[in-house]
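Heads up: the sequence shown is residues 5 to 264, going by our numbering. Beta carbons are placed, not taken as given, at the ideal position from N, Cα and C, and that holds for glycine. Working notes, beginning with the structure itself.
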Amino acid sequence: MEVIIKTNYDEMSRAAAHVVADILNTKPNAVLGLATGSTPLGIYKELVRLHQEEGLDFSQVTTFNLDEYVGLSVLHSQSYHYFMHENFFKHVNIPKQNVYIPSGTTRNYQAFCQWYEQRIEECGGIDVQILGIGADGHIAFNEPTSSLSSRTRLKTLERQTIDDNARFFEKREDVPSYAITMGVGTILEARQIVLLASGANKAHVVAASVEGPVTSMVTASALQMHPATLFFVDKEASSELKMRDYYDWIQEKKPGAPQI
Ligand code: PGA
5 MEVIIKTNYD
15 EMSRAAAHVV
25 ADILNTKPNA
35 VLGLATGSTP
45 LGIYKELVRL
55 HQEEGLDFSQ
65 VTTFNLDEYV
75 GLSVLHSQSY
85 HYFMHENFFK
95 HVNIPKQNVY
105 IPSGTTRNYQ
115 AFCQWYEQRI
125 EECGGIDVQI
135 LGIGADGHIA
145 FNEPTSSLSS
155 RTRLKTLERQ
165 TIDDNARFFE
175 KREDVPSYAI
185 TMGVGTILEA
195 RQIVLLASGA
205 NKAHVVAASV
215 EGPVTSMVTA
225 SALQMHPATL
235 FFVDKEASSE
245 LKMRDYYDWI
255 QEKKPGAPQI
């Protein structure tokens, strides 16, 4: 795991977007794993800018989103279908048929989840997975105690997640209690992972994920087992990392490091 500390949110978002853009430039038909929430908005903004101003091409890209609320129609303003359309898809040239987002309204969740996993495999697996991190340390909606080898499935949200996400809904009771989410095991199969964390309220879970034990109590800690994770954090989110100076030192020494 490589921890990259940036001075602020915008810088962090731009740096993370450029990792994705570099992958697309070497593999134009890359499979992207996408995340929702407030943190990835800056990545999408920069990818849209790169598309509109610098010709970054998405015409051969396939995308798989991490999760969706159960019970919200695709047109609901808080559904992740709607979020992705508004913040990313309507601004870039990804073919509609290449976009996969878990269904929150299917009649058969088990069959849908199996199909979703199968589609990821048939498309060659995820080349780069974007992730945020919840205040409870979750990745996607893999709440504490989720199996670290879990696959796409229906999940009951933790109360803290419902509280955190209530800000997007008119009232707390409107937040769905269930979601359909890729599993930790599904996420760990992505070839490259780019996680972003911003703000002091994430400092604790950032430290637990990077420097704490691998535990299902903080599902992001499973990324310690992943061979290629870039953990982007802004100053506030990095504040509880014990090895902060070392992470900065690694980045400082990078230009002179022997090529591997
Ligand atoms: P946030 O959500 O980016 O809105 O903080 C992160 C998450 O729950 O994964």
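Three-way DSSP call (helix, strand, coil) for residue i in this model
i: Gly37; result: strand
i: Ala201; result: strand
i: Asn7; result: Before going further, note that residue 7 is Val rather than Asn in the sequence given. In this structure, Val7 counts as strand in the three-state DSSP scheme.
i: Ala211; result: helix
i: Ala183; result: strand
i: Thr233; result: strand
i: Arg176; result: helix
i: Arg195; result: coil
i: Leu70; result: coil
i: Lys94; result: helix
i: Thr223; result: helix
i: Arg159; result: Rather than Arg, the amino acid found at residue 159 in this sequence is Lys. The answer is strand: DSSP assigns Lys159 an E or B state.
i: Ile137; result: coil
i: Ile143; result: strand
i: Asp238; result: strand
i: Val52; result: helix
i: Val218; result: coil
i: Val24; result: helix
i: Tyr103; result: Correcting the residue type first, residue 103 is Val in the shown sequence and not Tyr. Looking at Val103 - three-state DSSP - the assignment turns out to be strand.
Best match in the options for proximity to residue i [C-alpha to C-alpha]
i: Ile197; options: Arg171, Ser17, Val24 and His89; result: Val24
i: Glu193; options: Glu244, Ser220 and Glu125; result: Glu125
i: Thr223; options: Gly187, Leu200, Val78 and Lys10; result: Gly187
i: Glu50; options: Thr40, Met16, Pro217 and Ala39; result: Met16
i: His95; options: Ser81, Asp61, Ser83 and Pro32; result: Asp61
i: Arg163; options: Phe172, Phe173 and Val179; result: Val179
i: Tyr104; options: Gln118, Lys206, Arg123 and Ala170; result: Arg123
i: Ala144; options: Pro262, Thr43 and Pro32; result: Thr43
i: Thr110; options: His85, Val74, Glu121 and Met88; result: Val74
i: Thr149; options: Thr233, Ser220, Thr30 and Val52; result: Ser220
i: Ala232; options: Pro262, Arg195, Thr30 and Trp253; result: Arg195
With 16 other Cβ atoms within 10 Å as the buried cut-off, status of residue i
i: Gly59; result: exposed
i: Ala1; result: Residue 1 lies beyond the range of the chain shown here (5 to 264); nothing can be said about it.
i: Phe92; result: buried
i: Arg176; result: exposed
i: Ala226; result: buried
i: Ala201; result: buried
i: Phe68; result: buried
i: Glu72; result: buried
i: Thr165; result: buried
i: Leu79; result: exposed
i: Gly37; result: buried
i: Arg157; result: buried
i: Asp131; result: buried
i: Lys257; result: exposed
i: Tyr250; result: exposed
i: Ser83; result: buried
i: Thr40; result: buried
i: Lys206; result: buried
i: Glu57; result: exposed
i: Glu121; result: buried
Residues of its chain near residue i, where Cβ-Cβ distance is below 6 Å and the 5 sequence neighbours each way are ignored
i: Ser107; result: Phe116
i: Ser242; result: Ile9 and Arg248
i: Val237; result: Ile9, Ala201 and Val210
i: Glu240; result: Gly203 and Ala204
i: Ser63; result: Asn97
Residues of its chain near residue i, where Cβ-Cβ distance is below 7 Å and the 5 sequence neighbours each way are ignored
i: Leu45; result: Asn91
i: Val214; result: Met5, Val7, Phe235 and Leu245
i: Tyr48; result: Asn91 and Phe92
i: Ala34; result: Ile27, Leu28, Val65, Asp131 and Val132
Close-in-space but distant-in-sequence residues of the same chain around residue i (CB under 8 Å, 5 per side omitted)
i: Thr160; result: Glu147, Ser181 and Tyr182
i: Val209; result: Ile137, Gly138, Ala139, Asp140, Gly141, Ala201, Val222 and Ala224
i: Val218; result: Leu152, Ser225, Ala226, Gln228 and Met229
Proximity test, residue i beta-carbon vs the ligand ATP heavy atom, cut-off 8 Å
i: Gly136; result: In the structure shown, the ligand ATP is absent; the only ligands present are the ligand PGA.
Short CB-CB distance (under 9 Å) between residue i and chain C
i: Val7; result: Note that chain C does not occur in the displayed structure, where there is just one protein chain.
Check your understanding: Quick one: any contact between the stretch 129–136 and the stretch 146–154, if contact means 3 or more CB pairs under 8 Å?
Key -> These segments do not touch.
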